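There are 2 protein chains.
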Amino acid sequence: MRHMLDVKRMVLLRDLAEHGRVTAVADLHGVTPSAVSQQLRALEAEAGASLVEREGRGLRLTAAGAALAAECAHVLAALERAEGAVRALDAEVAGDLAVGCAPSALRTVAAPLLAELAVRHPRLRPRIVQAEPEEAVPELRGRRLDVVVGYRYDLLGEPPATGTTAVPLFADPLCLALPEALRPAVEREGLAALRGHAWVSAPEPSSCRAMLLHACRNAGFTPRIEHSCSDLRSALWLVASGQAVSILPGLLCDSPPSGAAVLPLPGHGRTVEALVRSGTEGRPAIAAVLSALAAVTAGRAGPEGPTGAGGGGGAVSY
Amino acid sequence: MRHMLDVKRMVLLRDLAEHGRVTAVADLHGVTPSAVSQQLRALEAEAGASLVEREGRGLRLTAAGAALAAECAHVLAALERAEGAVRALDAEVAGDLAVGCAPSALRTVAAPLLAELAVRHPRLRPRIVQAEPEEAVPELRGRRLDVVVGYRYDLLGEPPATGTTAVPLFADPLCLALPEALRPAVEREGLAALRGHAWVSAPEPSSCRAMLLHACRNAGFTPRIEHSCSDLRSALWLVASGQAVSILPGLLCDSPPSGAAVLPLPGHGRTVEALVRSGTEGRPAIAAVLSALAAVTAGRAGPEGPTGAGGGGGAVSY
DNA sequence: GCGACCGTGAAGTCTAGCTACCTCTCCTTC
DNA sequence: GAAGGAGAGGTAGCTAGACTTCACGGTCGC
Chain X
1 MRHMLDVKRM VLLRDLAEHG RVTAVADLHG VTPSAVSQQL RALEAEAGAS
51 LVEREGRGLR LTAAGAALAA ECAHVLAALE RAEGAVRALD AEVAGDLAVG
101 CAPSALRTVA APLLAELAVR HPRLRPRIVQ AEPEEAVPEL RGRRLDVVVG
151 YRYDLLGEPP ATGTTAVPLF ADPLCLALPE ALRPAVEREG LAALRGHAWV
201 SAPEPSSCRA MLLHACRNAG FTPRIEHSCS DLRSALWLVA SGQAVSILPG
251 LLCDSPPSGA AVLPLPGHGR TVEALVRSGT EGRPAIAAVL SALAAVTAGR
301 AGPEGPTGAG GGGGAVSY
Chain S
1 MRHMLDVKRM VLLRDLAEHG RVTAVADLHG VTPSAVSQQL RALEAEAGAS
51 LVEREGRGLR LTAAGAALAA ECAHVLAALE RAEGAVRALD AEVAGDLAVG
101 CAPSALRTVA APLLAELAVR HPRLRPRIVQ AEPEEAVPEL RGRRLDVVVG
151 YRYDLLGEPP ATGTTAVPLF ADPLCLALPE ALRPAVEREG LAALRGHAWV
201 SAPEPSSCRA MLLHACRNAG FTPRIEHSCS DLRSALWLVA SGQAVSILPG
251 LLCDSPPSGA AVLPLPGHGR TVEALVRSGT EGRPAIAAVL SALAAVTAGR
301 AGPEGPTGAG GGGGAVSY
């Protein structure tokens, strides 16, 4: 087999296409920038075309580089399917499986998922790793996670990361959490009634915090975020004590402590979804998890009504 | 990127699936059997399953091994398409291109092809390599050839090699070549009239020789193949001198020397076709060759009538 | 049972990829 | 405009993975 594009090098190019900097790619792969640079030059030799060019003190992909980076997803999907073809022959769903889960979905999704899987596939050993989608997706693509329970805010409208396939689970509206005493004012005047109040949200950077800012800006003011709380469920205690108000994912407002009121905030929702690497959907262990996820979330309204138990309804690949 | 199936190792497995012996795969790749054995064990570790098992003094693929070998073609096609995406950006059709051609098609296909390409794409440097399909196809899959002009006998009904795509060019019937003096007897009694004659054919192993044997067996006798001739066109000189009869591809019987008669032999034909690696059909240089091939062979009747100039009509991938 | 063939294991060799260090360029800041 | 910082890339040296050589065990044919 004479000459051949190297898959690992294509992955480096793909990651460069997304992050734009060699240093970032190097960090992502746990190597030095020099190694990445060398591998990219080797890839250029294999491809017979220049793939990157300097721009300022950074890099830019050429048209050929961008085209090659885009093709990478198909190659990786084919490799995943190849691995799946081997796994598909295992008689039983078993083995280790790393599942990343957003903190807000741990209680409502991950916990019932573990229970369900323990019944359905006792020899499957799922390992739950708490991680926000921003951290979890690179882990998924780097094959250190196999499934990610994450979310995307509908307003942002961004597609799933390339090379991943998203299976929507259910819609999760944002909710306004406020001390019970403030409820009448808000029901009268809306969000603007909380203009001067102290707010609590997640520390930067956080998409939840961004959505809070967005909602308040829509209501005509910039919120004074005095407190930050990486465990947003705990933020409800601040709210209950009357010290702050917040906007939180509905998932966290299941059982608010007494003293805290929760009001739905229409128009600002997110979709909770399962993410897998494209090409792995067919693997028995992955399919089993997707099916169990569909089962344990079947009670909640799906993005367009309840989703079927099949689990594949509405999957989107990129 | 943690853990990943290695493409080169998958190719070894695919070749093992076809040849059945480690030694053959090793020869094909120009390495020692030990190296192949080691790489296969490494692949088993990557796949997490045993892929081969000993059977007698040879090897046999397990179900998992066969499944993985089958997936190899898709991965390679994806890689070819990736490379094609880079090539597609070249403004002009140019560069080196290795074209294998069966000896019998050199005059009728390769020569006009070169002329046509010289006019259409002066900066393309096609290199013609004479080779029977049996030798050319491994070279094609090993990326040492880019296009192969070959043939397959319709009777055998075997598909193209996995990982290659075949574009039919035209039908080439077999012809009976015999001294002019024998023509009346054959027209009276058919092939059986030549039962006792001396025959000339290609040296073993040769599919043309196999078809000769097949045709004679159908006529009720086993031919006495006295002479062998690797250049079958020259065999016509033996026929013209009255010393032998033969069954030859029609392509070689264009202009028989005086003294030799040529009769079509219905039912024993072959299809002349262009072979490329699956996934490379879209590359500009490859597409240009396929289009030029369609043009220079447009005069001949296609397998089901003349093929369109598009060149893609009836392509079959495996 | 002997020899030939085939696949595999162990030890040595060699290549290719990585690190560490340095240089160069470009952008920012004072 | 000089100085500093950030990022990419080149070079020498090291390490790990892949290949070769050699030797062994198993299987088939004579």
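As given, the protein sequences belong to chains X and S, one line each in that order. Every letter in the first sequence is one number past the one before it in UniProt numbering, and letter 300, counting from 1, is 300. Every letter in the second sequence is one number past the one before it in UniProt numbering, and letter 240, counting from 1, is 240. Glycine included, C-beta positions come from ideal geometry on N, C-alpha and C. These numbers were taken from a predicted model, which means no experiment stands behind them.
Partners in chain S for residue i, counting only beta-carbon separations shorter than 7 angstroms
{"i": "H121 (chain X)", "result": "The premise fails here: H121 (chain X) is roughly 17 angstroms from chain S at the closest Cβ pair, so nothing lies under 7 angstroms."}
{"i": "A63 (chain X)", "result": "L89"}
Residue i and residue j closer than 8 angstroms at C-beta
{"i": "S104 (chain X)", "j": "A177 (chain X)", "result": "no"}
{"i": "G100 (chain S)", "j": "V52 (chain S)", "result": "no"}
{"i": "S258 (chain X)", "j": "A235 (chain X)", "result": "no"}
{"i": "P173 (chain S)", "j": "G282 (chain S)", "result": "no"}
{"i": "V109 (chain S)", "j": "T297 (chain S)", "result": "yes"}
{"i": "L68 (chain X)", "j": "L13 (chain X)", "result": "yes"}
{"i": "E273 (chain X)", "j": "A102 (chain X)", "result": "no"}
{"i": "R233 (chain X)", "j": "L263 (chain X)", "result": "no"}
{"i": "A292 (chain S)", "j": "E116 (chain S)", "result": "yes"}
{"i": "R81 (chain X)", "j": "G279 (chain X)", "result": "yes"}
{"i": "R143 (chain X)", "j": "H3 (chain S)", "result": "yes"}
{"i": "A185 (chain S)", "j": "A198 (chain S)", "result": "no"}
Contact set between residue i and chain S, taken where Cβ atoms lie within less than 8 angstroms
{"i": "E53 (chain X)", "result": "None at all; the shortest Cβ gap to chain S is about 14 angstroms."}
{"i": "L5 (chain X)", "result": "L79, A82 and E83"}
Beta-carbon neighbours of residue i, restricted to chain X and to distances below 9 angstroms
{"i": "H19 (chain S)", "result": "Result: empty, since nearest Cβ-Cβ is about 14 angstroms, beyond 9 angstroms."}
{"i": "R2 (chain S)", "result": "G142, R143 and R144"}
Nearest-angstrom beta carbon gap, residue j and residue i [assumed within contact, 8 angstroms]
{"i": "P284 (chain X)", "j": "R127 (chain X)", "result": "Not quite, the Cβ-Cβ distance comes to about 17 angstroms (not below 8 angstroms), so this is no contact."}
{"i": "C208 (chain S)", "j": "L265 (chain S)", "result": "Not a contact, Cβ separation roughly 12 angstroms."}
{"i": "H227 (chain X)", "j": "L238 (chain X)", "result": "6 angstroms"}
{"i": "residue 346 (chain S)", "j": "E71 (chain S)", "result": "Any property of residue 346 (chain S) remains undetermined from this structure, which presents chain S solely from 1 to 318."}
{"i": "V75 (chain S)", "j": "A78 (chain X)", "result": "4 angstroms"}
{"i": "L145 (chain X)", "j": "A94 (chain X)", "result": "L145 (chain X) to A94 (chain X), Cβ: 18 angstroms. No contact."}
{"i": "E44 (chain S)", "j": "S50 (chain S)", "result": "6 angstroms"}
{"i": "L275 (chain X)", "j": "V119 (chain X)", "result": "Not confirmed; about 24 angstroms, so no contact."}
{"i": "G26 (chain S)", "j": "P33 (chain S)", "result": "Just to set this straight, residue 26 (chain S) is Ala in the shown sequence, not Gly. So it is a contact: roughly 4 angstroms between Cβ atoms."}
{"i": "T164 (chain X)", "j": "R141 (chain X)", "result": "7 angstroms"}
{"i": "P160 (chain X)", "j": "Y318 (chain X)", "result": "5 angstroms"}
Nearest to residue i (by Cα), restricted to the options the options
{"i": "A287 (chain X)", "options": "X:L124, X:S50, X:T222 and X:R188", "result": "X:L124"}
{"i": "G242 (chain S)", "options": "S:C208, S:E180 and S:P159", "result": "S:E180"}
{"i": "I225 (chain X)", "options": "X:E187, X:D231 and X:R195", "result": "X:R195"}
{"i": "L106 (chain X)", "options": "X:D254, X:R277, X:Y318 and X:G279", "result": "X:D254"}
{"i": "A244 (chain X)", "options": "X:G299, X:P223, X:V25 and X:A47", "result": "X:P223"}
{"i": "G299 (chain S)", "options": "S:R233, S:A73, S:A64 and S:P112", "result": "S:P112"}
{"i": "G20 (chain S)", "options": "S:L28, S:R60 and S:V276", "result": "S:R60"}
{"i": "G150 (chain X)", "options": "X:L169, X:G142 and X:R144", "result": "X:L169"}
{"i": "D154 (chain X)", "options": "X:R188, X:A171, X:V289 and X:L40", "result": "X:A171"}
{"i": "L248 (chain S)", "options": "S:L275, S:A210, S:F221 and S:N218", "result": "S:A210"}
{"i": "A261 (chain S)", "options": "S:E187, S:A215 and S:A42", "result": "S:E187"}
{"i": "A66 (chain X)", "options": "S:A64, S:S50 and S:E83", "result": "S:E83"}
{"i": "A63 (chain X)", "options": "S:L89, S:R54 and S:A64", "result": "S:L89"}
{"i": "G190 (chain S)", "options": "S:V11, S:A198, S:A215 and S:T164", "result": "S:A215"}
{"i": "Q39 (chain S)", "options": "S:G48, S:L28, S:M10 and S:G58", "result": "S:M10"}
{"i": "E162 (chain S)", "options": "S:A73, S:G56 and S:G267", "result": "Reading off the sequence shown, one finds Thr at residue 162 (chain S), where the question assumed Glu. Residue S:A73 is the option with its Cα nearest to T162 (chain S)."}
Residue i: CB within 7 angstroms of a non-hydrogen atom of the ligand NAP
{"i": "Q130 (chain X)", "result": "Among the components modelled here there is no ligand, and therefore nothing to report on the ligand NAP."}
Contacts of residue i in chain X (Cβ-Cβ under 7 angstroms)
{"i": "A49 (chain S)", "result": "V86"}
Proximal residues of chain X, C-beta to C-beta of residue i below 8 angstroms
{"i": "M10 (chain S)", "result": "A82"}
Using a beta-carbon distance cut-off of less than 8 angstroms, what residues from the stretch 180-201 of chain X approach chain S? none
Chain X contacts from the stretch 65-84 of chain S (Cβ-Cβ distance under 8 angstroms): A67, L68, A70, E71, C72, H74, V75, A77, A78, L79, R81, A82 and E83
Which residues, in chain order, does the stretch 87-98 of chain X contribute to contact with chain S at a C-beta distance below 9 angstroms? R87, A88, L89, D90 and G95
Which of the residues in the stretch 142-159 of chain S, read from start to end, lie with their CB under 8 angstroms from any CB of chain X? G142, R143 and R144
Beta carbons nearer than 9 angstroms to chain X: which residues of the stretch 113-137 of chain S have them? Within the stretch 113-137 of chain S, no residue has its Cβ closer than 9 angstroms to any Cβ of chain X.
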